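Notes for the one structure printed next.
Residue numbers (my numbering), protein chains in the order written: chain Y, 2 to 283; chain L, 218 to 616.
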């Protein structure tokens, strides 16, 4: 069961501003029933008063947090000008609700998108998200631009986070390499985010040793042990990792070549690109 | 504490009071190790074998064909891995797209590690096509693993026919019967299924205990290695209290089996028919006849399942959903997708699974409160116009 905050529960059980505005000045519509959630946001804007939002209503198809996020959004925008609400981020919506479970952050993103769509609708600058940029995730119709944006705005560093925030990669997973490329591109251009993954360019020998050992324990040994094999870390000299195969792996000459490259690939993925693996007999 | 109406018995069940009572002495007094050479521990061996007889009895097996495990998931893993290990020269496995993750994820793992897996499809009512199975069989097919009854829809597969097809071709057939045991009669002496998984907590025993039936003569290698327990087929000191409990639960299951077909089925049908008759956006998922007597899976079109569950939860009603949001996987249940349930309905599925502990009054309470829950979400939904269209159609049909 999701660990929803009391405020999320309250806004779900007693949603504020449900409904439609018949003579709305702006309507923002995002999501689709096929994707599991959809939101239609209605705004009544007082043009004589600096484009101030005098009323907001919503209709949502979706889970508890989707309904709560939409309702929270309406409360956040009423009484403010369009210029003011333009600055609202998905994190603001999540914060207003006392936080959302990580897997549900996409609900707050949907709120922010509906608001943007409504503002664009008001200004006559139609937002067509699917026409901006190329579709990366076909299962949920998410474009590279949208992924890039959630990555930047929320300082995301993993594919899993991207999925939590905008659903991309949550279906068949075939787009995962493309999402990874977008994440890499974003953080290559800018300075690395604070919570960067554990792959710093420069690392002490001690840290490197530690990461190598950790990767072998977590990523490599369990797989080998499944087939009665094993691997042992013998030594590390500079960027050369010396390993020794055990169990069925040690006897199997044919698979050693493949195994060596698998171990190398894993270590390069999780520690540093510079690593090379050498096998020693012990 | 608020009142709880528990209609989620395919997820887990209430432990029968008789089971608890039978287990208690094995925590407090008879806490020995059955493998011990002293009477204090060693006497428990007899008790375990008594439980083995009780388990064997409910599925028409002989006690030597039962090994105790930690539950349905272990039984499934052991059956699949144990069969492959015992037949190392064959690399092809047949399963279905609607299996429980305890089978499906094992098969998908194996598919990435040197095996080939064929996943059979199901039709819109969740039924298998046996010709597809026949065509899928190859010379190197080592294992067919297909469930007895589906946990989400309750749809029952023709496992006896599958057993015959497998036997004719010399292929091991494992059947995950976790949802079937205790709900419908099983008789292993009258079919050719090679292995059956069953789980304690699905039939009013405790969590963390289960059993694997392995027909005499079927090739199998142990999955968990260690001591000589369970006749060298499953290592690990026996979970004595839970095994005793499972035995009693199986005896009770046999006793109450007729009630499943009558009273439980009657309550399920009442709940289902009332909802389908009065809610225009409700539709049944799964075949209406070929089904467990306790399960109903209903989709409410244009409303979302997690939201329904949360509102039911406020009323103390415990059910489950195949919606994407409840799983955290972003996509609706793999079972409903395999059945091709339209996306307008796939996100709004609710499963009610009844047990012999449910009362008529509870079912009436649910029937009374469901319309309000759906109406509330309909009012929030941007698709309320679509629901109203369904309502109009329904009233035109009725008038």
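Idealized CB from N, CA, C, for every residue including glycine. All values reported here derive from a predicted model rather than from experimental measurement.
Item                                                                                                                                                                                   : Value
Among residues of its own chain, excluding the 5 on either side of residue 86(Y), which ones have a beta-carbon nearer than 7 Å to its beta-carbon?                                    : 54, 78 and 116
Run through the segment 492–560 of chain L for me and flag every whole alpha helix (DSSP H) of 4 or more residues, listed as ranges in chain order.                                    : 522–531, 541–544 and 551–555
To the nearest angstrom, how far is it from the Cα of residue 312(L) to the Cα of residue 300(L)?                                                                                      : 14 Å
Taking Cβ-Cβ distances shorter than 8 Å, what residues in chain L pair up with residue 138(Y)?                                                                                         : What residue 138(Y) touches in chain L: nothing, since even the nearest Cβ is about 10 Å away.
Anything in the segment 162–185 of chain Y with a Cβ closer than 8 Å to a Cβ of chain L? List those residues in chain order, please.                                                   : 164, 168, 171 and 172
Give me, in chain order, the residues of the same chain whose beta-carbon lies closer than 6 Å to that of residue 422(L); leave out the 5 immediate sequence neighbours on both sides. : 236, 462, 463 and 466
Would you say residue 219(Y) lies against chain L (beta-carbon separation less than 8 Å)?                                                                                              : no
Just the C-alpha distance for residue 515(L) and residue 564(L), rounded to the nearest angstrom, thanks.                                                                              : 11 Å
Between the C-alpha atoms of residue 346(L) and residue 125(Y), what's the straight-line distance to the nearest angstrom?                                                             : 54 Å
From residue 498(L) to residue 601(L), what does the alpha carbon distance come to, in whole angstroms?                                                                                : 11 Å
Mind checking residue 574(L): buried by the 16 CB within 10 Å criterion, or exposed?                                                                                                   : exposed
Counting C-beta neighbours from all protein chains within 10 Å, is the total for residue 506(L) 16 or more, i.e. buried, or is it exposed?                                             : exposed
State the Cα-Cα distance for the pair residue 163(Y) and residue 118(Y), rounded to the nearest angstrom.                                                                              : 21 Å
CB-CB under 6 Å to residue 604(L), same chain, minus the five flanking residues each way: which ones, in chain order?                                                                  : 498, 519 and 595
Using only alpha-carbon positions, find the residue among 335(L), 468(L), 356(L) and 406(L) that is nearest to residue 350(L).                                                         : 335(L)
For residue 152(Y), which residues in the same chain have their Cβ closer than 6 Å to its Cβ, ignoring the five residues on either side in sequence?                                   : 184 and 187
Going by the DSSP bridge assignment, what does residue 430(L) pair with across the sheet?                                                                                              : 283(L) and 413(L)
Just checking: is the beta-carbon of residue 62(Y) within a distance shorter than 8 Å of some beta-carbon in chain L?                                                                  : yes
If the cut is a Cβ gap below 9 Å, which residues of chain Y does residue 600(L) touch?                                                                                                 : 34, 39, 60 and 62
Considering residue 44(Y), what are the terminal residues of the beta strand (DSSP E) in which it resides?                                                                             : 38–47
Check residue 56(Y) in the structure and name its three-state DSSP category.                                                                                                           : strand
Should residue 597(L) be flagged as near chain Y, meaning a C-beta pair shorter than 8 Å?                                                                                              : yes
So with Cβ pairs under 8 Å, would you call residue 131(Y) a contact of chain L?                                                                                                        : Residue placement at residue 131(Y) cannot be trusted, given a pLDDT of 47 that sits under 50; the coordinates are not used to answer.
State the start and end residues of the unbroken alpha helix (DSSP H) segment that holds residue 468(L).                                                                               : 457–476
Contact check, residue 109(Y) vs residue 94(Y) under 8 Å by CB: the rounded distance?                                                                                                  : 4 Å
What three-state label does DSSP hand residue 69(Y) in the structure shown?                                                                                                            : helix
Is the CB of residue 327(L) under 8 Å away from at least one CB in chain Y?                                                                                                            : no
In whole angstroms, what is the alpha-carbon distance linking residue 338(L) and residue 555(L)?                                                                                       : 7 Å
Please name the residue in 409(L), 483(L) and 309(L) whose C-alpha comes closest to that of residue 356(L).                                                                            : 309(L)
Kindly say whether residue 418(L), judged by its beta-carbon, lies nearer than 8 Å to any beta-carbon of chain Y.                                                                      : no
Closer than 8 Å by C-beta to residue 452(L): which residues in its own chain qualify, once you throw out the five before and the five after it? Chain order, please.                   : 439, 441, 442, 443, 444, 445 and 446
Take the Cβ of residue 396(L) as the centre, count every other Cβ of all protein chains shown within 10 Å, and call the residue buried at 16 or more, exposed below.                   : buried
By the 7 Å beta-carbon criterion, what residues does the segment 65–83 of chain Y contribute toward chain L?                                                                           : 65 and 68
Leaving out the 5 sequence neighbours to the left and right, which residues in its chain are closer than 6 Å to residue 457(L) when beta-carbon positions are compared?                : 243 and 261
Should residue 48(Y) go down as buried or exposed, given a rule of 16 or more other Cβ atoms within 10 Å for buried?                                                                   : exposed
What does residue 561(L) reach in chain Y if we use C-beta pairs closer than 8 Å?                                                                                                      : 34
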